[in-house]
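Asker: For reference, the structure I am asking about is given below.
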Ligand SMILES: Cc1cc2nc3c(=O)[nH]c(=O)nc-3n(C[C@H](O)[C@H](O)[C@H](O)COP(=O)(O)OP(=O)(O)OC[C@H]3O[C@@H](n4cnc5c(N)ncnc54)[C@H](O)[C@@H]3O)c2cc1C
Ligand code: SF4
């Protein structure tokens, strides 16, 4: 959760208690304690009736794919796409590459396509870095890595032979963003301030209405 | 009486209710609160929203960051258990593989059915919606008027709790005074749309949703709902006191452990159980209605899922409320030498005229909404406003090229990010990465608006379901085969929706990611995908061309009732569930009356 100071914000438990005062439903407060237990089942997907209360991490349900080198390459690319700045850490700091590994390893429709694209793309990065700088991608210096990414990041690729690598980059960037902005740090970065119980819903504050010309 | 095991089944009940969703929940509630002994049979497992709802879990704790999969199509945290477009071991088939000729059938196998995760949008049908044939010569009139159902809409709204306003717009009925709860304030994008939609003549008003914006008035409502029944009043007051008001956080589709929104499992079933008149048997998959020689229903045969044993149970009245198509399936599978086409099917209309809602969408990015000061827009876990159909007069004058209307639902704002929230920014910024990308994410977050049209489909001869001659499910029960076809009334409507959304996005100063489709067949979403399955056993005034009367009572078998969407003979643009509940309550009142009179 992302605690942001706000006077209209109540502690989650306090709010539940407040709203349910005098009712028989206080057992709901112990919901979080249900989160422990139950080891991850092996096998295919998580099925149609998984435990929704528990906390999961990549690898809990299906085996991951990336070997050590691929994983390090993915981490470097994550950090290039979403680097640390004064507001939040990098995607690599938040282990978004492990989420991407989970994603491309998932036994669901569509994920196999991402798997092929990401694995091919990671290999292409090494080939390209080798061709241009005589090194693996992760051994190249920041300027060299950036030079490669600059070629790939545009919506319309600079050269025809960059079409497939650019599609890889686009997909990898979307997955990196998906992994990053779903973490508490990422949500805080874009200033998502919800998921906290409120006593009242007051609509947009005056400064928002003013900016929209609705005040 | 309580949740029971099959060993605890009684030898006889007053009423068996098959299914525990909106229709089954309402039927069982009304009957049990009035002293009738009810057995509810539910194919899915028991489900406890108090313990099982992931209220505050953020996506970082879920597999794949909560993204939808074939196991959980609406995301990991969606409340659906053992359901989706496919249910393992319980297939259905399509008669055609031509494009546009399929019906996608969503099911949820759990106590409470789809009401655990539905969108809670609760709109009344209006007066025109009960007499569509009289207005434009298409489809069928209902064997009742809006005025017949209006008191039941009031009752359902008071019982479940619905927020909204009374705007008095055409064919968009007001509720009686004191019935609705106050609507939440509109969000930034909703307000901005409201202001600028005026240029196009679109009214943006408070939507009606089954969410408590304040606690229910447990002192006055129970007496209005159960006059002269102090026991029911006491039980209901207690149940209302156990529901909290919405705390303006968490998505309603996950369910609500504080009981602030309507789901059968938090609203209908607790008081019905507390009355002592309801037994619930879960994991009981009903196969057929059993009949006696006199042509009356005696009960049902079902498969106990855990033991795979077939069992039978008896009652004076059988109510099917298993979701429209599943109710059809049970009727058609109740086949015998005496009823070769299934029971209640002397008209041959069982399975005919299945309908969904017409759906099309378009989204855009609105520069005015960029870089807004951060603020909490979670709200009531769904929309706060909508656009009701506004072109009744133009349409009636034949100016639109399609016969029925649609309403517009919104998605907007700074909602909790999911995997796709920041995807594909390259259509806006040309493609970048690094610190510039992070800046762009901050800028664009919350600046997208999505519009979804929800329109009326006219029943047609080419959209129906029947029993597949060969395929059976894992319980050995023959499955449904679907036939589907949109008419031009629907496809043209879908194209009109997308054009309207594009115009609206321009009026907001925004840009669309994809141009609207001129070809309605490309704009329209596949049959079934809006999950407003109704029809298949339509009501009418004539036993020769309809399956039930206005009380949801089958013409052929007088102690057999259908209280889900199956008896709908039209599917107005208004989402169907509130009407399912109002019809179910009315049917249950009729059963009570007929039992009292000794007719049932
Ligand atoms: C994501 C989503 C959003 C929706 N949003 C809205 C909305 O905003 N507004 C709206 O009006 N509607 C909405 N709907 C539709 C709404 O959920 C349904 O109209 C409503 O639940 C219908 O109630 P029902 O009782 O007919 O069926 P269900 O709620 O589906 O209940 C049927 C029950 O019967 C059980 N059953 C089935 N077969 C058998 C059998 N053979 N034996 C025993 N039991 C059986 C099922 O397991 C199920 O529990 C939405 C649906 C979905 C999936
Ligand atoms: S938004 Fe309100 S009603 Fe919906 S789940 Fe959250 S608390 Fe419950």
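Residue numbers (the working numbering), protein chains in the order written: chain A, 1 to 215; chain B, 216 to 815.
Ideal Cβ placement from N, Cα and C applies to all residues, glycine included.
Source: prediction; values computed, not measured.
1) With a threshold of 8 Å between beta-carbons, can residue 191 of chain A be considered close to chain B, or not?
2) When we look at the beta-carbon of residue 642 of chain B and count the other beta-carbons within 10 Å, is it buried (16 or more) or exposed?
3) Per DSSP, what kind of secondary structure is residue 680 of chain B in: helix, strand or coil?
4) Determine whether the Cβ of residue 148 of chain A lies closer than 8 Å to any Cβ atom of chain B.
5) Below 8 Å on the Cβ atoms is my guess for residue 190 of chain B versus residue 310 of chain B; work out the distance and round it to an integer in Å.
6) Taking 7 Å as the line, does the beta carbon of residue 611 of chain B fall inside it for any heavy atom of ligand 1?
7) Between the Cα of residue 119 of chain A and those of A/203, A/74 and A/208, spot the shortest distance and give me the residue it belongs to.
8) Where do the ends of the beta strand (DSSP E) carrying residue 505 of chain B lie?
9) Output needed for residue 294 of chain B: all residues of its chain with C-beta closer than 6 Å, excluding positions within five of it in sequence on either side, in chain order.
10) Pull the bridge partners of residue 230 of chain B from the DSSP assignment, please.
11) Taking a cut-off of 6 Å, which residues have a beta-carbon closer than that to any heavy atom of ligand 2, in chain order?
12) Should residue 678 of chain B go down as buried or exposed, given a rule of 16 or more other Cβ atoms within 10 Å for buried?
13) Give the straight-line distance between the Cα atoms of residue 381 of chain B and residue 563 of chain B, rounded to the nearest whole angstrom.
14) Looking at residue 262 of chain B and residue 302 of chain B, is the spacing between their C-beta atoms short of 8 Å?
15) Apart from the five residues on each side of it in sequence, which residues of its chain come closer than 6 Å, Cβ to Cβ, to residue 585 of chain B?
16) Span of the alpha helix (DSSP H) holding residue 436 of chain B?
17) With 8 Å as the limit, tell me which residues of the segment 387-406 of chain B have their beta carbon closer than that to any beta carbon of chain A; keep them in chain order.
18) Does ligand 1 have even one heavy atom less than 7 Å from the beta-carbon of residue 499 of chain B?
19) Within its chain, find whatever has a CB closer than 7 Å to the CB of residue 605 of chain B; leave out the 5 residues flanking it on each side and keep chain order.
20) Alpha helix (DSSP H) containing residue 708 of chain B: first to last residue?
21) Per the DSSP calculation, residue 179 of chain B is bridged to which residue(s)?
22) For residue 78 of chain A versus residue 88 of chain A, is the C-beta spacing smaller than 8 Å?
23) To be precise: take each residue of the segment 614-643 of chain B, compare its Cβ to all Cβ atoms of chain A, and keep it if any distance is under 9 Å. Which residues remain?
24) Could you compute how far the alpha carbon of residue 113 of chain A sits from the alpha carbon of residue 480 of chain B?
25) Taking 7 Å as the cut-off, is the CB of residue 243 of chain B close to at least one heavy atom of ligand 1?
26) Does DSSP put residue 450 of chain B in a helix, in a strand, or in coil?
27) With a threshold of 16 other CB atoms inside 10 Å of the CB of residue 8 of chain A, please say whether the residue is buried or exposed.
28) Consider the C-beta atom of residue 337 of chain B and the heavy atoms of ligand 1; say whether any pair is separated by less than 7 Å.
29) Using a beta-carbon distance below 8 Å, is residue 380 of chain B in contact with chain A?
30) Considering only their Cβ atoms, is the gap separating residue 124 of chain A from residue 168 of chain A smaller than 8 Å?
31) I need the DSSP call for residue 411 of chain B, collapsed to helix, strand or coil.
32) To the nearest angstrom, how far is it from the Cα of residue 121 of chain A to the Cα of residue 351 of chain B?
33) Return the residues of the segment 98-114 of chain A that lie within a Cβ-Cβ distance of less than 7 Å from chain B, sorted by chain order.
34) Under a Cβ-count criterion, where at least 16 other Cβ atoms within 10 Å of its own Cβ denotes burial, should residue 349 of chain B be classed as buried or exposed?
35) Between which two residues does the beta strand (DSSP E) containing residue 96 of chain A stretch?
36) Give the secondary structure of residue 578 of chain B by DSSP, where H, G and I count as helix, E and B as strand, and everything else as coil.
Answerer: Taking the definition as stated:
1) For this step, residue 191 of chain A is matched to residue 191 along the first chain. So, interface residue.
2) Working through the second chain from its first residue, we reach residue 642 of chain B at position 427. So residue 642 of chain B counts as exposed.
3) Taking the second chain and counting its residues from 1, the one referred to as residue 680 of chain B is at position 465. DSSP places residue 680 of chain B in strand when its eight states are reduced to three.
4) Along the first chain, read from residue 1 onward, the residue named residue 148 of chain A stands at position 148. It does not: the Cβ of residue 148 of chain A has no partner Cβ on chain B nearer than 8 Å.
5) The structure shown does not extend to residue 190 of chain B, since chain B is modelled only from 216 through 815, so no value can be given for it.
6) In the second chain, counting from the first residue as 1, residue 611 of chain B sits at position 396. It does not: the Cβ of residue 611 of chain B is nowhere closer than 7 Å to a heavy atom of ligand 1.
7) Here residue 119 of chain A is taken as the residue at index 119 of the first chain, counted from 1. Closest by alpha carbon: A/74.
8) Here residue 505 of chain B refers to the residue found at position 290 of the second chain. Here the beta strand (DSSP E) through residue 505 of chain B covers 499-506.
9) Position 79 of the second chain holds residue 294 of chain B. 331, 332, 469 and 470.
10) Position 15 of the second chain holds residue 230 of chain B. For residue 230 of chain B, which the question treats as bridged, DSSP gives the partners B/253 and B/532.
11) Result: B/426, B/461, B/462, B/464, B/465, B/467, B/471, B/473, B/475, B/476, B/595 and B/596.
12) Translated into the one-based positions of the second chain, residue 678 of chain B becomes position 463. Per the 10 Å Cβ criterion, buried.
13) As a position in the second chain, residue 381 of chain B is number 166, starting the count at 1. As a position in the second chain, residue 563 of chain B is number 348, starting the count at 1. Residue 381 of chain B and residue 563 of chain B have their C-alpha atoms spaced approximately 41 Å apart.
14) Sequence index remark: in the second chain, residue 302 of chain B carries index 87 (1-based). Sequence index remark: in the second chain, residue 262 of chain B carries index 47 (1-based). Cβ distance not < 8 Å, so residue 302 of chain B and residue 262 of chain B don't count as in contact.
15) Residue numbering aside, residue 585 of chain B sits at position 370 when the second chain is read from its first letter. Within the same chain, residue 585 of chain B has close Cβ partners 658 and 662.
16) Start at 1 with the first residue of the second chain, and residue 436 of chain B comes out as number 221. Per DSSP, residue 436 of chain B belongs to the alpha helix (DSSP H) from 436-440.
17) 399, 400, 401, 402, 403 and 406
18) Position 284 of the second chain holds residue 499 of chain B. Residue 499 of chain B: yes, Cβ under 7 Å from ligand 1.
19) For the purposes of this step, residue 605 of chain B is taken as the residue at position 390 of the second chain. Cβ neighbours of residue 605 of chain B beyond the five flanking positions: 416, 417 and 418.
20) Locating residue 708 of chain B in the second chain gives position 493, counting from the first residue. Taken as a continuous stretch (DSSP letters only), the alpha helix (DSSP H) holding residue 708 of chain B covers 703-722.
21) For chain B, the structure presents residues 216 to 815; residue 179 of chain B sits outside this window and is missing.
22) Numbered from its first residue, the first chain carries residue 78 of chain A at position 78. Numbered from its first residue, the first chain carries residue 88 of chain A at position 88. Not a contact, by the Cβ cut-off of 8 Å.
23) 629, 630, 631, 632, 633, 634, 635, 636, 637, 638, 639, 640, 641 and 642
24) As a position in the first chain, residue 113 of chain A is number 113, starting the count at 1. As a position in the second chain, residue 480 of chain B is number 265, starting the count at 1. Each residue's Cα considered, the two are about 40 Å apart.
25) The residue labelled residue 243 of chain B in the question sits at position 28 within the second chain. Residue side-chain check: residue 243 of chain B keeps its Cβ at 7 Å or more from all non-hydrogen atoms of ligand 1.
26) Locating residue 450 of chain B in the second chain gives position 235, where the first residue counts as 1. Here residue 450 of chain B sits in helix by DSSP.
27) As a working mapping, residue 8 of chain A is identified with position 8 in the first chain. Residue placement at residue 8 of chain A cannot be trusted, given a pLDDT of 33 that sits under 50; what the coordinates show is reported in the next sentence. With fewer than 16 other Cβ atoms within 10 Å, it is exposed.
28) What you label residue 337 of chain B is simply residue 122 of the second chain in a count that begins at 1. Correct: residue 337 of chain B has its Cβ closer than 7 Å to ligand 1.
29) Numbered from its first residue, the second chain carries residue 380 of chain B at position 165. Closer than 8 Å: no.
30) Sequence index remark: in the first chain, residue 168 of chain A carries index 168 (1-based). Sequence index remark: in the first chain, residue 124 of chain A carries index 124 (1-based). By the CB criterion at 8 Å, residue 168 of chain A and residue 124 of chain A fall inside the cutoff.
31) For the purposes of this step, residue 411 of chain B is taken as the residue at position 196 of the second chain. Helix at residue 411 of chain B.
32) Position 121 of the first chain, counted from the start, is the residue given in the question as residue 121 of chain A. Position 136 of the second chain, counted from the start, is the residue given in the question as residue 351 of chain B. Roughly 58 Å between the two C-alpha positions.
33) 99, 102, 103, 106, 108 and 109
34) Your numbering for residue 349 of chain B matches position 134 in the second chain. Under this definition residue 349 of chain B is an exposed residue.
35) Within the first chain, numbered from 1, the residue matching residue 96 of chain A stands at position 96. Taken as a continuous stretch (DSSP letters only), residue 96 of chain A belongs to no beta strand (DSSP E), being part of the alpha helix (DSSP H) at 96-105.
36) Position 363 of the second chain, counted from the first residue, corresponds to residue 578 of chain B. Residue 578 of chain B: strand per DSSP, three-state reduction.
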